[in-house]
Amino acid sequence: MPESTVTKGIERRVAEIIIEELKLEDVTPDTFNPEMDLVDELGIDSMDLATIALVLQDEYKIVIDEDDYPRLKTVRLICAYIEEKLAVKH
Amino acid sequence: MKTVSNLLDPVWYERYKRISSLNIRSSIYDVTNRCNLRCRGCFFFSSGEDLVQEETDLKKWEAFIDREKTRGVNLAILIGGEPTLCMDRVEAFYKRIPSYCATNGLIKVPRDRFPDMMVGISLWGGGEDEKILRGKDTFAISSRNYEGDPYTYYLYTVTPKQVGRIEPVIKRIVDVGLKVHLQLLSNDEGVDGFHWREGELRDLRVEMDEMLERYPQTVISSKYYHEVITTGIMLGRRFSWRECPSVTESLDNRQPPVRRLIHFYRWAADLKTVHRCCTSATRDCATCKDGAAHMSWIMVNKRDHIISTQDLQNWIEVYEMFAKLYRLIPW
C-alpha cells in the first residue's frame with residue numbers, strides 16, 4: 121500500500137529531527153533511509169533516543185514511554201509509533 | 085554519512101551488534117557502612133560516607149530493591165563498606181536484579197547461595213603495599229577463598245609505588261586461576277608516597293599494555309582504556325565534572341546536559357541519601373582516576389567514536405571489557 125502524504129510528512133520530520141539533534145553530516149531528510157537501523161547503523165543509544173523522544177513529544181503532543189524505546193529502531197517505525205499514538209488521542 | 089557497518093568489517097560489526105543490544109541500567113548501592121578493614125586511601129570513610137544511619141530492616145531493603153527494579157535498574161553494583169558483612173542484603177539484591185559484589189575477599193561469598201553472582205575482589209598491589217595501605221596482605225586470604233572461581237576477578241588498584249612492579253602481582257593471580265582488571269589509585273586522602281609524579285602514568289600505560297599482551301587470558305582490559313585512564317583524555321577532551329557520566333541523576337543539574345549513565349544513582353546504606361557520583365563527593369573531578377567512571381565515559385560517547393575504524397574498534401573493545409567484567413558476555 122502506498123504511503124499516505126501524512127505518513128511521508130511525519131517520516132520527513134522525524135528524519136529532520138534526528139539529523140538536527142544528532143548533528144549528522146552528509147545526509148538530508150530526502151536522502152535519509154527510513155529503514156536504516158538507528159542503533160546498528162547510526163550508533164544511537166538510549167540517551168540519544170531520549171533526546172529525540174523529547175522533541176517528538178513536544179512536536180506531536182504525545183507521550184513516548186521509555187519502555188517503548190526498543191521499538192523505535194528506524195525512522196519508519198518511529199513514524200508508525202507516532203501515528204499509533206495520534207490515532208489513540210483522536 | 086558515516087555508519088557503523090561502513091566502518092567495520094563483518095567480524096567487528098558482529099561484535100558491535102552483540103554489545104549494542106545490551107541495554108544496561110546500573111546503579112550503585114552502599115550495602116553497609118561497616119568494613120572489616122580500614123584502608124589508607126579508601127574514600128568511603130575519609131569522606132564521611134559512612135555517617136548515615138544504616139537501614140537494618142531487611143524488609144525495607146527488599147522493598148527498596150523492588151522499587152529500584154521498577155525504576156529500570158538491571159545491574160546492581162554492591163559496594164560499601166564491606167557488602168559480605170551483610171549477606172542477607174546481598175542476597176535480597178541477587179534474587180531480584182543481576183548483581184555484582186565488590187569485596188575485599190576476606191569473607192567468601194557462599195556459592196550455594198550465590199552460584200553465579202559476579203564478585204570483584206579489591207587488591208592494592210603486592211604483599212608489602214597491601215600491608216602499608218590495608219594493614220594486611222589480603223591476597224593471601226582472598227586467593228584461598230576464591231581460587232579458580234569462574235565468576236570472580238581481582239580489581240587491582242595500581243598505586244604509584246606499583247609502577248614497574250605489576251607483573252609479579254598478575255602472576256600470583258594467574259597462579260590461582262582468576263582474572264584481573266586494572267585501575268588507578270586517585271589518592272584523595274593524600275597518603276604519603278602515593279601521589280602520582282610526572283612520567284609515572286606514561287610508564288604505567290606502557291606496562292599495562294604489556295601485561296595485556298602477555299596475559300590476555302587473565303587481564304580483562306583494553307589498550308584504549310589504558311590510554312584514557314592514564315592520560316585523562318578521550319578524543320581530545322579532558323575528564324572533568326563537565327564530562328563525568330557517573331553522576332547521580334537527581335543531583336545532576338549540569339547545563340547543557342552531559343552525556344551520562346541513564347537513571348544512574350548511588351545510594352547510601354540508609355536507602356534515602358544519595359551520593360554525588362560513583363566515588364567520593366570530596367574528590368576533585370580533574371584528578372579523579374576512577375576506572376568505572378572513565379570506562380563509562382568512553383561507553384556513553386559511542387557516537388563520537390564513529391569517526392574512523394580505529395576509533396570505533398577502540399570503543400567496542402572498551403564496551404566488551406565492561407561486558408566481560410559483569411559477565412554480560414563470556415570472558
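Residue numbers (the numbering used here), protein chains in the order written: chain P, 121 to 210; chain Z, 85 to 415.
Beta carbons are placed, not taken as given, at the ideal position from N, Cα and C, and that holds for glycine.
Computed from a predicted structure; not experimentally measured.
Alpha-carbon spacing of residue i relative to residue j, whole angstroms
i                 : j                 : result
GLY137 of chain P : GLU186 of chain P : It is Ile, not Gly, that sits at residue 137 of chain P in the sequence shown. Whole-angstrom Cα-Cα distance: 18 Å.
LEU288 of chain Z : ASP374 of chain Z : 16 Å
GLY165 of chain Z : LYS245 of chain Z : 25 Å
LEU206 of chain P : GLU123 of chain P : 17 Å
PHE368 of chain Z : ARG350 of chain Z : Reading the sequence as shown, one finds Asp at residue 368 of chain Z and not Phe. Rounded to the nearest angstrom, the two C-alpha atoms are 18 Å apart.
ALA173 of chain P : VAL134 of chain P : 10 Å
ALA186 of chain Z : PHE148 of chain Z : 20 Å
PRO190 of chain P : VAL88 of chain Z  : 19 Å
PHE129 of chain Z : ARG118 of chain Z : 10 Å
GLU282 of chain Z : VAL290 of chain Z : 15 Å
LEU121 of chain Z : SER206 of chain Z : 12 Å
HIS389 of chain Z : PHE348 of chain Z : 22 Å
ARG196 of chain P : VAL157 of chain Z : 29 Å
MET167 of chain P : ARG344 of chain Z : 8 Å
GLU384 of chain Z : ARG99 of chain Z  : As written in the sequence, residue 384 of chain Z is Val, which differs from the Glu given in the question. Spanning the two alpha carbons is a distance of roughly 17 Å.
ASP354 of chain Z : LEU169 of chain Z : 16 Å
VAL253 of chain Z : GLY209 of chain Z : 7 Å
PRO182 of chain Z : SER111 of chain Z : 11 Å
MET405 of chain Z : LYS356 of chain Z : 32 Å
ASP200 of chain Z : HIS279 of chain Z : 37 Å
HIS310 of chain Z : TYR201 of chain P : 42 Å
VAL342 of chain Z : CYS362 of chain Z : 16 Å
TYR97 of chain Z  : GLY163 of chain P : 12 Å
GLU141 of chain P : ILE346 of chain Z : 18 Å
VAL358 of chain Z : PHE127 of chain Z : 15 Å
VAL203 of chain Z : VAL174 of chain Z : 11 Å
LEU162 of chain Z : GLU161 of chain P : 34 Å
ARG256 of chain Z : ILE225 of chain Z : 13 Å
GLU327 of chain Z : TRP381 of chain Z : 7 Å
THR148 of chain P : GLU203 of chain P : 22 Å
PRO194 of chain Z : ARG249 of chain Z : 33 Å
VAL242 of chain Z : PRO94 of chain Z  : 36 Å
GLN394 of chain Z : GLU284 of chain Z : 26 Å
ASP114 of chain Z : ALA352 of chain Z : 5 Å
GLU146 of chain Z : MET171 of chain Z : 13 Å
THR171 of chain P : LEU144 of chain P : 14 Å
VAL275 of chain Z : ALA365 of chain Z : 18 Å
LYS215 of chain Z : ASP188 of chain P : 52 Å
VAL183 of chain P : VAL247 of chain Z : 54 Å
LYS144 of chain Z : LYS192 of chain Z : 25 Å
Neighbour list for residue i in chain P, Cβ cutoff strictly below 7 Å
i                : result
THR87 of chain Z : GLU161 and LEU162
Contacts of residue i in chain P (Cβ-Cβ under 8 Å)
i                 : result
VAL384 of chain Z : ASP165 and MET167
Test: residue i CB closer than 8 Å to a CB of chain B
i                 : result
ASP287 of chain Z : The chain inventory of the structure shown lacks chain B, comprising the protein chains P and Z.
Inset, instruction - Report the residue ranges of all beta strand (DSSP E) runs contained in full by the segment 149–226 of chain Z; include only those spanning at least 3 residues, in chain order. - result: 159–163, 183–187 and 202–207
Inset, instruction - Kindly provide the ranges of any alpha helix (DSSP H) runs that are 4 or more residues long and lie completely inside the segment 238–277 of chain Z, ordered along the chain. - result: 250–259
Legend entry - Under 9 Å (Cβ pairs) to chain P, residues found in the segment 133–160 of chain Z: GLY156
Inset, instruction - Report the residue ranges of all beta strand (DSSP E) runs contained in full by the segment 370–396 of chain Z; include only those spanning at least 3 residues, in chain order. - result: none
Inset, instruction - Pull out every residue of the segment 160–185 of chain P whose Cβ sits closer than 8 Å to any Cβ of chain Z, in chain order. - result: ASP160, GLU161, LEU162, GLY163, ILE164, ASP165, SER166, MET167, ASP168 and ALA170
Legend entry - Short-range partners of chain P found in the segment 97–123 of chain Z, where Cβ spacing is below 9 Å: TYR97, TYR100, LYS101, SER104, SER105, ASN107 and ARG109
Legend entry - Residues of the segment 135–146 of chain P with Cβ closer than 8 Å to any Cβ of chain Z, in chain order: LEU142, LEU144, GLU145 and ASP146
Inset, instruction - Decide if the segment 257–268 of chain Z is in contact with the segment 303–313 of chain Z; the criterion is three or more beta carbon pairs, one per stretch, under 8 Å apart. - result: yes
Inset, instruction - Would you be able to state if there are at least three C-beta pairs under 8 Å between the segment 395–414 of chain Z and the segment 320–327 of chain Z? - result: no
Inset, instruction - Could you name the residues of the segment 337–369 of chain Z whose beta carbon sits closer than 8 Å to any beta carbon of chain P, in the order they occur along the chain? - result: ARG343, ARG344 and ILE346
Legend entry - Contact list for the segment 386–407 of chain Z against chain P, Cβ threshold 7 Å: LYS386, ARG387 and ILE390
Inset, instruction - Please list the segments of the alpha helix (DSSP H) lying wholly inside the segment 271–354 of chain Z, counting only runs of 4 or more residues, in order along the chain. - result: 284–298 and 307–315
Inset, instruction - Check whether the segment 393–408 of chain Z touches the segment 210–229 of chain Z, taking contact to mean three or more Cβ pairs, one atom from each stretch, closer than 8 Å. - result: no
Inset, instruction - Kindly confirm or deny that the segment 129–145 of chain Z and the segment 102–110 of chain Z touch, where touching means at least three C-beta pairs closer than 8 Å. - result: no
Inset, instruction - Decide yes or no for the touch test of the segment 338–348 of chain Z against the segment 291–299 of chain Z: beta carbon pairs closer than 8 Å, at least 3 of them. - result: no
Inset, instruction - Would you check if there are 3 or more beta carbon pairs closer than 8 Å linking the segment 145–154 of chain P to the segment 173–184 of chain P? - result: no
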